[in-house]
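*Asks:*
Numbering (this note's numbering), first residue to last: 4 to 142.
Structural data, given as structure tokens:
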């Protein structure tokens, strides 16, 4: 197994996190990955706005994603569903986007985000299944 420490569940995951946090490359990779995810989500909002003919300013998209995602995490709903969208439209409206365009843009952007997550997750699952064969107990 490539990740033997993870096979022990939560204790293994905690030990793996401690080990990886000692590596200086992790100190760069984690913030860079977070910035990449944030940027991709902001870009999804900008692209969704353009797709419906409502140009969304970059500042509005950045504020919408930042505030919406924080609210979604704090809400405890799966994937922040509902809460993220409700909060995300507020800064967009405050920056001059119409209510209808803000809501349509956010719903389309969230669809893009979920589709991307499903495609990446599904692809990862397929590739991991080929790497990690299930261990069958002996009779």
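The beta carbon of each residue, even a glycine, is placed where N, CA and C say it ideally should be.
Note that the structure is a prediction, hence the values are computed from the model and not measured.
Considering only C-alpha positions, which residue in the set 81, 80, 88 is nearest to residue 69?
*Replies:* Closest option to residue 69, Cα to Cα, is 88.
*Asks:* The alpha helix (DSSP H) that contains residue 76, what's its start and end?
*Replies:* That run of the alpha helix (DSSP H) goes 61-78.
*Asks:* Please state whether the Cβ-Cβ distance between residue 65 and residue 45 is less than 8 Å.
*Replies:* In contact: residue 65 and residue 45 (Cβ atoms closer than 8 Å).
*Asks:* Report buried or exposed for residue 80, applying the criterion of at least 16 other Cβ atoms within 10 angstroms of its Cβ.
*Replies:* Its Cβ having fewer than 16 others within 10 Å, residue 80 is exposed.
*Asks:* Whether or not the segment 125-134 and the segment 89-107 are in contact is what I'm after, with contact meaning three or more pairs of Cβ atoms, one per stretch, closer than 8 Å; do they touch?
*Replies:* No contact exists between the segment 89-107 and the segment 125-134.
*Asks:* Tell me the residue span of the alpha helix (DSSP H) that contains residue 45.
*Replies:* Start and end: 27-54.
*Asks:* By how many angstroms is the C-alpha of residue 72 removed from the C-alpha of residue 49?
*Replies:* For residue 49 and residue 72, the distance between alpha carbons rounds to 16 Å.
*Asks:* Whose CA, out of 54, 78, 92, 86, lies closest to the CA of residue 62?
*Replies:* Considering only alpha carbons, the answer is 92.
*Asks:* State the Cα-Cα distance for the pair residue 58 and residue 98, rounded to the nearest angstrom.
*Replies:* So the alpha carbons of these two residues sit roughly 12 Å apart.
*Asks:* Using CA atoms only, rank isn't needed, just tell me which of 141, 26, 51 is closest to residue 107.
*Replies:* Out of 141, 26, 51, 51 has the C-alpha closest to the C-alpha of residue 107.
*Asks:* Leaving aside the five residues before and after residue 14 along the sequence, list all residues of the same chain whose C-beta is less than 8 Å from its C-beta, in chain order.
*Replies:* Within the same chain, residue 14 has no close Cβ partners at all.
*Asks:* Residues in the same chain with beta-carbon distance under 6 Å from residue 75, minus the five sequence neighbours each way, listed in chain order, please.
*Replies:* These residues qualify, in order along the chain: 83, 86, 87.
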